[in-house]
Structure formats: structure tokens, C-alpha cells
Amino acid sequence: MTWKDEAAIRRLSRRAALFGGAALGLPLIGGLPAFAQGGPSSVVDITKARTDPIPIAVPNFAGNSGEAQRVGQNIAGVVLNNLRNSGLFRPVDRAAYIQTAEAAAQTPRFQDWRVIGAQALTTGRAELSGDRLRVEFRLWDVLPEAQIQGTAFTAPAANWRRIAHLISDVIYERLLGEKGYFDTRVVYVAETGPRDRRTRRLAIMDQDGENQRYLTDGSAAALTPRFHPNAQQIAFMSYARGEPRVYLFNLDSGRQEVLGTFAGMTLSPRFSPDGRSVVLSSTRGNDANIYVVDLGSRRERQLTSGGGLDVSPCFSPDGSQIVFNSDRGGDQQIYVMDAGGGGIRRISFGRGRYATPVWSPRGDLIAFTRISGGQFAIGVMRPDGSGERILSEGWGMEGPTFAPNGRVMMYFRETPARDARGGGYSARLSSIDIAGFNERQIVTPTDASDPAWSPLLA
1 MTWKDEAAIR
11 RLSRRAALFG
21 GAALGLPLIG
31 GLPAFAQGGP
41 SSVVDITKAR
51 TDPIPIAVPN
61 FAGNSGEAQR
71 VGQNIAGVVL
81 NNLRNSGLFR
91 PVDRAAYIQT
101 AEAAAQTPRF
111 QDWRVIGAQA
121 LTTGRAELSG
131 DRLRVEFRLW
141 DVLPEAQIQG
151 TAFTAPAANW
161 RRIAHLISDV
171 IYERLLGEKG
181 YFDTRVVYVA
191 ETGPRDRRTR
201 RLAIMDQDGE
211 NQRYLTDGSA
221 AALTPRFHPN
231 AQQIAFMSYA
241 RGEPRVYLFN
251 LDSGRQEVLG
261 TFAGMTLSPR
271 FSPDGRSVVL
281 SSTRGNDANI
291 YVVDLGSRRE
301 RQLTSGGGLD
311 VSPCFSPDGS
321 QIVFNSDRGG
331 DQQIYVMDAG
341 GGGIRRISFG
351 RGRYATPVWS
361 PRGDLIAFTR
371 ISGGQFAIGV
381 MRPDGSGERI
391 LSEGWGMEGP
401 TFAPNGRVMM
411 YFRETPARDA
421 RGGGYSARLS
431 SIDIAGFNER
441 QIVTPTDASD
451 PAWSPLLA
């Protein structure tokens, strides 16, 4: 549950606020080796790439027809934008290109790319046959004149954008040595209307802000959406029938169902790493405790007890631990416990209150929201609480979520806006590298909050 929903929850729970934080139907695209791989790739350390981005040339992909050339141009444009937006690549100005895209797709003339400063080069060709699209892609190391990667993708022509994301992931992994994050989606809460009468509905998009789609109609407020490990199901909290409960939404069918008719309110859900259960918070009387609900039997098991509000649970990637926030010590702080509910220990000790903890997919960090002296901040710490770092601060910001490679985070930021339509503020999604650089806004059609990043789709 987010900080800004405190008043609504207080009215329903009679206690201090609880903080917790349409089917796209895209078929899997098969990627298969199409060319012999060349010499060894020149992997660049990510730390170096942050300060000295890799110069890369991304000419348009050639095509076997006018329409195929247009698709090839679009694919290259998406690849270029993905790499640029990561902050780890510096696309070479296309005005400096000497060799044409068609000629480079046949045989790169490496001296033409060296002289303009490119260290890496992508070439490709798009072929359309009816509604089927085949894209051949090659990645080259310019200095040793070696092919690093050769791959072909075949899919319905309408899925050209996803092919571009898959190609971007290949480039990222081959040149940086880590998995990419471009072939992913983000689910979030689309907000409209005055601040005291906000309409909140689920929306989904590609990680770059494209392919926007609403999942719910806004008749009941939707909050804290979270992806299943298979990326095809979403758990979220809804105010349908006037009481907050956890619902499940299937992206393939568009069907949604309540998780269960449990006593009290259920909120701030997250799936377990194996996808077989949901961990959530539930209010019983004046307390809120953490429960695990088995998705097969819909049976619940209580993990925490005692006075206080225990909310915002999140499993570690290996499923052995759960991080959550609680006011059990008198102030809102972050705690970690064993997955069975034992061994509870506090890990946040900085100045201020902590909320919305989320475990990195790499297992090495826990992200959080902190508020101190009226200032909000997004930060990270190690699972034992050491190494706390603030990545960004502002008037109102919260709800961090990790990309599947654990290198980038997304969150939302509120900004006072006198000209905001009846609300006095705007809410926008932002992303940032876990090192605290390359902070950038993600454009959405409406105000946006509570983002959740999917796993890789492929």
C-alpha cells in the first residue's frame, strides 16, 4: 500500500495506515541460431559502461520489399532507443554513417565504422511473407572485425516490436555479460480525476512505455498490482464491493477473480517465486499480519502475530525469506523473517520511516521507500540492512520495482502542479540504475503509480 492511500485505509481499519506497497496475447517468438558465431565478444564491465557508454552503430535493417524495409527501420529504431535509454550505450549519430544499411547487411566494411567511432555494429534484414515476419540479426565487434552473434526470429508481422526488444536483450547480454530487461512489461495503476476522487485502474505497457492497454474499467479502485513468475497473471488489491480484497487477473483470458473470502481486509499481495502461493497482509481486529495463501487449495497460513501492522511482504528470490514492513517496534521499519514466519529481525535503522520493501531478483539488495523530515526517498540496502544507499529524493516518491536483471528500478514520483486538473499534483513513473544514475521519466497517457516489472517474457 502506498503512503498516499493512508487516509482511505485508516477509515477502513480504524488504525494507523497500512503501508504495502487486457490480455496482450503475444505468442512466444522463437529465436534460433542462424549464423556461425564469430570470434570472442568484447564484454565491457557495467561499471565502466556507466561512465563510458559503449559506442554502437544501429543502421536500419534491410528488407525484401518496401513494407519489409519499413518494418526493418522500425525495428532498428526500437533497438536504438532501448540501448540509449539504458544509459550504457552511446548510439553513433546516423548522419556520420558512411556505408549504407543495405550494403552493411550484406558485408560490413569495418573501416567505415571504425572511422566514425563505432566499437559495436548491428546489421539485419527483415523478410515479409504474408503475415509472417522473419528477421535476421547480426552483432559485430568492429575493431577485430568479428561477428559476436547471429540469430533469426520468426513471428507474426504484428509482433515486430517484440522482436526488437529480443534483439536489444541479445546485444545487452553479449556486450555487458548480463541478461537484458527489454522484452518485459510493466503493470501499473493509471490515475485520473481530482485528488480526493481519483479513479484508479490497472494498465499495462511494454517497458519502454509502448503498447499501453487498460485492464480494468475503473469502477472499483485497483492498487498494488504484482506479476506472477510466468508473467501471465497479476495479483492486485481492489475495492470492489467496498472492501479491499486481493484479486487475480489472467492476462490471457482477461478474467479476474477474488483470491478468497477471508476474514478482514486482504491487501499488498505478491506471488511466491515458484508461483504456487501468494503472500499478503490481512487485518483481523486491530492488527494486520502476514499470511501465505496456497493457490491450489486456497488455504491460508498465518506467519506473523502479535500487536502491530505487518504489511508489504515480499519473498526473496530463492523463497527462503520474506521482507516486510511493520510498526511492531513503535515506528514503521523493515523486517526480514524466514519463509515459515520465524527468525524475525529488523534491518532498517536509518533516520525516518521505511515502507514498500521489495527484494531484488539477484537477491543482493532490498529496495525501499523512506520518508524523513517530510522528504521522500528511494533507496536500497543489503538483506542484512547494511550498505544503505539513497538513489533519488523528492517531494513524493515511492513504490520501487526491479527489472528482472536487478540492474534497473522503476518507481513513481509525485510533483506538485497547480495546473493539474483538479488534483494539485501529478504522478509519473521513473526509472533509475541501481547505481543512482540515468534517472528518466516513463511517459504514460495518464498519471501513473504503483508500477510492477514483469519477468522476461521469452
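Mapping of the sequence shown onto the UniProt record's numbering: position 377 corresponds to residue 377, and the numbering continues sequentially without gaps.
Ideal Cβ positions, reconstructed from N, Cα and C, are used throughout, including at glycine.
Taking 8 angstroms as the CB-CB limit, is residue i close to chain C?
i	result
Pro229	Here chain C cannot be found, since the structure has a single protein chain.
Report the CB separation of residue i from residue j in whole angstroms; it is logged as a contact under 8 angstroms.
i	j	result
Gly260	Arg298	5 angstroms
Phe437	Arg84	So it is not a contact: roughly 14 angstroms between Cβ atoms.
Pro55	Gly124	Not confirmed; about 19 angstroms, so no contact.
Thr446	Ala190	5 angstroms
Gly308	Arg328	4 angstroms
Ser253	Arg245	The Cβ separation is near 20 angstroms, so there is no contact.
Ser348	Ile334	4 angstroms
Tyr354	Phe368	5 angstroms
Pro357	Val186	No, Pro357 and Val186 are not in contact; Cβ-Cβ is about 19 angstroms, not under 8 angstroms.
Leu88	Pro53	6 angstroms
Val279	Phe315	6 angstroms
Ala120	Leu139	7 angstroms
Ala235	Phe271	6 angstroms
What are the boundary residues of the beta strand (DSSP E) that residue i is part of?
i	result
Trp453	447–453
Glu67	From DSSP, Glu67 is part of no beta strand (DSSP E) but of the alpha helix (DSSP H) over 66–86.
Thr444	Counting along the chain, Thr444 falls outside any beta strand (DSSP E), and DSSP gives it neither H nor E.
Arg284	277–284
Arg270	266–271
Thr224	222–227
Pro55	54–57
Arg90	89–91
Go ahead and pull the three-state DSSP assignment for residue i.
i	result
Ser168	helix
Thr199	strand
Leu457	coil
Gly31	Unreliable placement is indicated for Gly31, whose pLDDT of 39 sits below 50; no coordinate value is reported for it.
Glu173	helix
Gly307	coil
Arg255	coil
Gly63	strand
Gly242	helix
Arg328	coil
Gly39	Any reading at Gly39 is ruled out, since the residue's pLDDT is 40, under 50, leaving its predicted position unreliable.
Leu24	Because Leu24 sits at a pLDDT of 26, beneath the cut-off of 50, its placement in the model cannot be relied upon, and the following sentence gives the value as read from the coordinates. Note: Leu24 maps to coil in three-state DSSP.
Ala420	At Ala420 the pLDDT is 46, less than 50, meaning the model places this residue with poor confidence; the figure from the coordinates comes in the next sentence. The answer is coil: DSSP assigns Ala420 none of H, G, I, E or B.
Could you name the residues that DSSP lists as bridge partners for residue i?
i	result
Gln302	Tyr291
Met337	Ile322
Gly379	Phe368, Ile390
Met410	Thr401, Ser431
Arg185	Asp206
residue 459	Outside the displayed range of the chain (1 to 458) lies residue 459, so it cannot be described from this structure.
Glu191	Arg200, Asp447
Phe437	None, per the DSSP bridge assignment.
Ser297	None, per the DSSP bridge assignment.
Gly396	Glu414
Ser312	Paired residue(s): none; Ser312 is not in a bridge.
Pro156	Arg132
Ser426	Thr415
Arg94	According to DSSP, which records beta bridges pairwise, Arg94 is partnered with nothing at all.
Arg213	Ile204
Provide the residue span of the alpha helix (DSSP H) that contains residue i, from first to last.
i	result
Thr261	No alpha helix (DSSP H) holds Thr261; DSSP gives it neither H nor E.
residue 459	The structure shown does not extend to residue 459, since the chain is modelled only from 1 through 458, so no value can be given for it.
Point to revise | Secondary structure, beta strand (DSSP E): runs of 3+ residues fully inside the region 343–367 | key: 353–359
Point to revise | Unbroken stretches of the beta strand (DSSP E), 3 residues or longer, contained in the region 98–152 | key: 120–129, 132–141
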